[in-house]
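A.B. asks: Number 240 marks the last residue of the sequence shown (the numbering used here); no jumps. Below is the structure I would like to discuss, written out as structure tokens.
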Amino acid sequence: MATYDEEGNGFGYKLVGCVTLSSLLLLVIKSTIIWSLPESNVDYRLQRTFITDKSVPGYVFDVCLATAGMLHTIFVLRGIMAKVQGQFSRSLTQSYEMRQTKYTLQWIKRMVTAFAVLILIALPFIFVLNYLYLVCDYNTNTVDIQAILGLLLTMTETYNLACTLFLYDEFPQLKKAVYKDFSCILPTPRENTSTVTRNEEAEAHFNNLRSMFEQGNVPNR
């Protein structure tokens with residue numbers, strides 16, 4: 020896999036550009052669908068345009084978009100994992116990049132698993148929501164539909180919190196940064212007060228290099 024020195028920040032710019040264009044396209048499609056509804060009330064259309072999850076069609080549309088995005092994530096994840104598996108680093112920079120890539124892939128896998136659990140739990144409520152709205156002709160502002168929407172939104176926020184905790188758990192650097200910035204809230208990690216001599220530090224370093232060499236992660240110079 021190419022290093023950051025070889026690629027630079029071009030990949031990041033491409034990723035941000037693709038996400039921005041996709042978001043704008045989906046926003047135009049969503050707004051077009053909402054403004055083509057038979058309701059003539061301008062306030063209703065503006066509310067559904069900017070707060071789409073408060074209406075049944077808007078919420079179902081968001082669920083479809085989230086599911087499609089997660090399926091695309093799974094497709095991309097499989098491609099990246101196929102490239103990462105069996106790769107051996109040839110420099111310390113590439114070794115660091117490989118570890119960060121594996122951390123990211125592990126986080127995405129946990130995020131996809133949590134999304135699958137969320138869909139399994141929320142699917143019955145979504146069926147009931149569509150039944151009340153389409154078959155029973157309930158209005159969006161009725162108590163039953165608003166209660167189900169509130170429950171589904173609570174599930175979504177719980178999923179977002181779980182993904183944040185997964186991110187915090189997978190990246191040690193982020194954990195150290197959180198400990199440093201929120202030391203008044205979170206417990207400070209216990210510092211290692213043992214004195215390590217220079218020889219012991221050098222011996223541990225060479226043992227680590229020897230272990231990497233035996234695994235094939237260090238090239239022959």
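Built from N, CA and C at the ideal position, the CB exists for glycine as well. Bear in mind the structure is a predicted one, so any value in this text is a computation, not a measurement.
(1) Thr123 to Leu186, Cα distance in whole Å?
(2) What residue does the alpha helix (DSSP H) around Cys182 start on, and which one ends it?
(3) What's the gap between the Cα of Asp81 and the Cα of Leu153?
(4) Are the beta-carbon atoms belonging to Ile167 and Tyr157 less than 7 Å from one another?
(5) Exposed or buried, Phe225, counting other C-beta atoms within 10 Å across all chains shown (16 or more means buried)?
(6) Identify, in the order they occur along the chain, each residue of the same chain with its Cβ nearer than 7 Å to the Cβ of Ala141, setting aside the five sequence neighbours on each side.
(7) Is the beta carbon of Leu11 sitting closer than 7 Å to the one on Tyr178?
(8) If you count every other CB in all the chains shown that lies within 10 Å of the CB of Val75, and 16 or more means buried, which is it?
(9) Going by C-alpha distance, which of Ser230, Arg229, Val131 and Val162 is nearest Leu90?
C.D. replies: In brief:
(1) Within the sequence shown, the letter at position 104 stands for residue 123. Within the sequence shown, the letter at position 167 stands for residue 186. Rounded to the nearest angstrom, the two C-alpha atoms are 8 Å apart.
(2) Here the question's residue 182 lines up with position 163 in the sequence shown. Start and end: Val162 to Glu189.
(3) As a working note, residue 81 is residue 62 in the sequence shown. As a working note, residue 153 is residue 134 in the sequence shown. Taking the straight line from one Cα to the other gives about 17 Å.
(4) Locating residue 167 in the sequence shown gives position 148, counting from the first residue. Locating residue 157 in the sequence shown gives position 138, counting from the first residue. Result no, Cβ atoms of Ile167 and Tyr157 do not sit closer than 7 Å.
(5) For this step, residue 225 is matched to residue 206 along the sequence shown. Exposed, because fewer than 16 other Cβ atoms sit within 10 Å of the Cβ of Phe225.
(6) Numbered from its first residue, the sequence shown carries residue 141 at position 122. Around Ala141: Leu171 and Met174.
(7) Because residue 11 is not part of the residues shown, which for the chain are 20 to 240, the question remains open.
(8) Taking the first residue of the sequence shown as position 1, residue 75 is located at position 56. With 16 or more Cβ atoms within 10 Å of its Cβ, Val75 is classed as buried.
(9) Here residue 90 refers to the residue found at position 71 when the sequence shown is read from its first residue. Comparing Cα-Cα distances from Leu90 to each of Ser230, Arg229, Val131 and Val162, the minimum goes to Val131.
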